[in-house]
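Inspection log for the structure reproduced underneath, given as structure tokens.
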């Protein structure tokens, strides 16, 4: 995750140092030890007003907008209490920015060792082996107004031998459920290549279980982590051995969702191409393949997913794009692909799409002609495999295809 950096809105002709942040823009700080309250920033012991007990979160009083990005470096901060706005000296004890949440949660630790902390900044020499623990409070790992890519949370647990301790596990079973970063997925996903199965994301693959063969499948859930190195995408699927996770590589687009299941044979009457991902024109490693019938098992927009026998991988093809690209303007040639002669009068609008080839590909912008409203004669008509109807007309720039 990335910690949000919020900048106060400053009226025009006003200096940022003159503007104070609103109360809602101010973060909480959680006190992990007892802290003395003072009436002024000098925090003189003889002026102490009282004290706040440990394990409570206090709201910081508004400060100038230009100070927000430096807030975590401040030693003395003003907080809002029943006494009004008072000061505390953060050097007097342990603390962590963020609001403490009291909630019991079961955690299944999966790492070989999970370090124990007296406070989020005070590590102990002790660790926990993989086991189930129960947390009763938590804190966000990221500090306010600071860039942060830590996908973690601080949890407070009770141990029988050290008392209450903090942990910040990176790898635990509940992290991958819908409660946290896990998510439900609409529709199906393609599995484009033979894939090893994992009990949890980032585990070692289960070598004793069969790999998942290329197919389209309904996932049980999804987990995604982003980092400077890129994204990691995992899907949970059902297997004969129970729920398992598979990893999606960047070679195949880190997964495509909302795929529809189909079971049909598509006639490809023109030479065409296979792609690893829809719209993956820059990855044409396989060259042109001859016309043939193709059995497809998934559909995503105009794209179809198929298992290519020679490659044993799942690949994508686009019949509408390929056939449109094969139309030459020669009627004897084009009628073999469904183009028919026409003298139909059609009305062009400002929204009409006029292109050299009868396929609109939003991923590959093409300069299109625009027309004022007028009526013209269509010389030919073609219904594409995706169901769109295109008309062949003559323009001042030559013959074009138009979709109303």
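Residue numbers (this note's numbering): 855 to 1258.
We put the beta carbon where it would ideally sit given N, CA and C, even for glycine.
Given residue i, which residues of its chain have a CB within under 6 angstroms of its CB, disregarding the five upstream and five downstream residues?
i, result
"residue 932", "915, 939 and 941"
"residue 1009", "989, 992 and 1021"
"residue 1244", "1212, 1236, 1255 and 1257"
What would DSSP say about residue i, mapped onto helix, strand or coil?
i, result
"residue 962", "strand"
"residue 1030", "helix"
"residue 1072", "coil"
"residue 1123", "coil"
"residue 1110", "coil"
"residue 1025", "coil"
"residue 1144", "coil"
"residue 939", "strand"
"residue 1191", "helix"
"residue 1251", "coil"
"residue 1044", "strand"
"residue 1105", "helix"
"residue 1181", "coil"
"residue 884", "strand"
"residue 945", "helix"
"residue 1167", "strand"
"residue 1235", "strand"
"residue 1210", "coil"
"residue 909", "coil"
"residue 922", "helix"
"residue 855", "Confidence in residue 855 is poor, its pLDDT being 45 and thus under 50, which makes the residue's placement unreliable; the coordinate value appears in the next sentence. Correct three-state label for residue 855: coil."
"residue 1086", "strand"
"residue 899", "helix"
"residue 1059", "coil"
"residue 1175", "helix"
Residues in its own chain within less than 8 angstroms of residue i by CB, not counting five upstream and five downstream?
i, result
"residue 857", "Confidence at residue 857 is low in this model, with a pLDDT of 47, below 50, so its placement is unreliable and the value that follows should be read with caution. Once the five neighbours on either side are set aside, the close Cβ partners of residue 857 are 996, 997, 998, 999, 1000, 1001 and 1002."
"residue 958", "988, 989 and 990"
"residue 867", "Summary for residue 867: the model assigns pLDDT 48, below 50, so the residue's position carries little reliability, and this model does not support an answer."
"residue 1234", "1185, 1188, 1193, 1194, 1195, 1196, 1245 and 1246"
"residue 976", "948"
"residue 1006", "995, 1022, 1023 and 1024"
"residue 972", "948, 978, 1019 and 1020"
On a Cα-Cα basis, can you pick out the residue from the options that is closest to residue i?
i, options, result
"residue 943", "929, 934, 952 and 953", "929"
"residue 1094", "1062, 1226 and 1178", "1062"
"residue 876", "908, 1146 and 919", "919"
"residue 1186", "1151, 896 and 1195", "1195"
"residue 1116", "1140, 1154 and 1229", "1154"
"residue 905", "1166, 889 and 879", "889"
"residue 1097", "1027, 1165 and 1068", "1027"
"residue 1143", "1133, 1247, 1128 and 1157", "1128"
"residue 1179", "1215, 1147 and 1206", "1215"
"residue 1053", "1023, 1126, 1080 and 1089", "1089"
"residue 1175", "970, 878, 1073 and 1134", "1134"
"residue 1038", "1011, 1073 and 1132", "1073"
"residue 1240", "1182, 1177, 1014 and 879", "1177"
Report yes if the CB atom of residue i is closer than 8 angstroms to the CB atom of residue j, and no otherwise.
i, j, result
"residue 1173", "residue 1120", "yes"
"residue 1108", "residue 1087", "yes"
"residue 1113", "residue 1204", "no"
"residue 1059", "residue 1051", "yes"
"residue 935", "residue 982", "no"
"residue 1066", "residue 1100", "yes"
"residue 1169", "residue 1130", "yes"
"residue 899", "residue 952", "no"
"residue 937", "residue 908", "no"
"residue 1249", "residue 1199", "no"
"residue 1201", "residue 1229", "yes"
"residue 912", "residue 882", "yes"
"residue 1030", "residue 1077", "yes"
"residue 1068", "residue 1040", "no"
"residue 1104", "residue 1075", "no"
"residue 1122", "residue 1162", "no"
"residue 884", "residue 950", "yes"
Apart from the five residues on each side of it in sequence, which residues of its chain come closer than 7 angstroms, Cβ to Cβ, to residue i?
i, result
"residue 1025", "964, 965 and 1056"
"residue 985", "963"
"residue 897", "930, 941 and 943"
"residue 1118", "1150"
Subject >> Whole beta strand (DSSP E) elements within the stretch 962-1009, 3-residue minimum >> reply: Every beta strand (DSSP E) stretch that sits fully inside the stretch 962-1009 and reaches 3 residues is listed by chain position as 968-973, 976-982 and 986-994.
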